[in-house]
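*Asks:* Under the UniProt record's numbering, the first residue of the sequence shown is numbered 1, with each subsequent residue one higher. Ideal placement from N, C-alpha and C gives every residue a C-beta, glycine not left out. Since this is a predicted model, take the numbers as computed values, not measurements. This is the structure, below, for whatever I ask next.
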Amino acid sequence: MIHASLWPSPALPRLLRALAWGGAALIAAAGALTGQGLLTLGAGGAMALAALLPLYTWLSGIEMPRGLATGVLVFCLAAFVLGEAGGFYRDVPAWDAGLHFVASAVLAIAGVALALLPTAGAPPRTAFWVLGTLGVGLAALVGGAWELLEFTIDALFGTNAQRSGLPDTMGDVAVNLAGATYGALAARARLRHGARWPLSGLLVDLCARNPVIYGGWTGRCFPAHKTEIIPQERP
Numbered sequence: 001m002i003h004a005s006l007w008p009s010p011a012l013p014r015l016l017r018a019l020a021w022g023g024a025a026l027i028a029a030a031g032a033l034t035g036q037g038l039l040t041l042g043a044g045g046a047m048a049l050a051a052l053l054p055l056y057t058w059l060s061g062i063e064m065p066r067g068l069a070t071g072v073l074v075f076c077l078a079a080f081v082l083g084e085a086g087g088f089y090r091d092v093p094a095w096d097a098g099l100h101f102v103a104s105a106v107l108a109i110a111g112v113a114l115a116l117l118p119t120a121g122a123p124p125r126t127a128f129w130v131l132g133t134l135g136v137g138l139a140a141l142v143g144g145a146w147e148l149l150e151f152t153i154d155a156l157f158g159t160n161a162q163r164s165g166l167p168d169t170m171g172d173v174a175v176n177l178a179g180a181t182y183g184a185l186a187a188r189a190r191l192r193h194g195a196r197w198p199l200s201g202l203l204v205d206l207c208a209r210n211p212v213i214y215g216g217w218t219g220r221c222f223p224a225h226k227t228e229i230i231p232q233e234r235p
């Protein structure tokens, strides 16, 4: 029998990674030379946050999905440099929503990866909706914590991170849930059918690169879950 493969598509080419990191360094340098502190802080902060992933790998031995660090860098540049310094949050209404959607989708996929740990990456013993619920729950938890952080910053420093207040917060929560739901569905489609939905490759790459914690991972599609009733012996 031929099984559909779950192995991920090729990682980001080295040229694109070099362009992303080189571009971030140039933006930070340009901001420093022209006295634009916000630009330097945004680009430098983006590189620092993205560098945490290879640092974690160096400390723990857990390999991150290929291209994830560069993806985090691009995401942070979109948020800090384009969003804040470039005014995209103000001028492009869907910019903030798009970032919330992508972040929540990735977090939900990370939640599904955590839920696969008890079986070491082997097919779960429960229906997949349980794993999906855990993934959505993790994304919702992080999203709620972020909104609380924005509220706290506004209250302490008089900033306007939440802009329109309650409507902004509720809109972010709704987009977070939509992104998390997509992430859970993308993970299921990849694990069950081998469908290559955007971002789903992060899950299979993480499992494939870490046999120490995902020793049961085979790279094959998971079978349909079947509930088995085991008869108990009478005393």
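To the nearest angstrom, report how far apart R17 and G87 are at their CA atoms.
*Replies:* Spanning the two alpha carbons is a distance of roughly 25 Å.
*Asks:* If you scan the segment 112-163 from start to end, which runs of the beta strand (DSSP E) of 3 or more residues do you find wholly inside it?
*Replies:* The segment 112-163 contains no whole beta strand (DSSP E) run of 3 or more residues.
*Asks:* Going by DSSP in three states, R90 sits in which element: helix, strand or coil?
*Replies:* Helix, per DSSP.
*Asks:* Taking the alpha-carbon positions, what's the A48 to A25 distance?
*Replies:* When rounded, the distance between both Cα atoms is 11 Å.
*Asks:* I need the DSSP call for R188, collapsed to helix, strand or coil.
*Replies:* Reduced to three states, the DSSP call for R188 is helix.
*Asks:* Around the Cβ of T40, are there at least 16 other Cβ atoms within 10 angstroms (buried) or fewer (exposed)?
*Replies:* Its Cβ being crowded by 16 or more others within 10 Å, T40 is buried.
*Asks:* What is the rounded straight-line gap between the Cα of L145 and the Cα of S104?
*Replies:* Reading off the sequence shown, one finds Ala at residue 145, where the question assumed Leu. If I take the Cα positions, the gap works out to 12 Å.
*Asks:* Once DSSP output is grouped into helix, strand and coil, what is the label at P10?
*Replies:* The pLDDT assigned to P10 is 49, lower than 50, so where the model puts this residue is not dependable, and the model offers no usable value.
*Asks:* Taking the Cβ atom as the reference point for each residue, do A46 and L77 lie within a distance shorter than 8 Å?
*Replies:* Yes.
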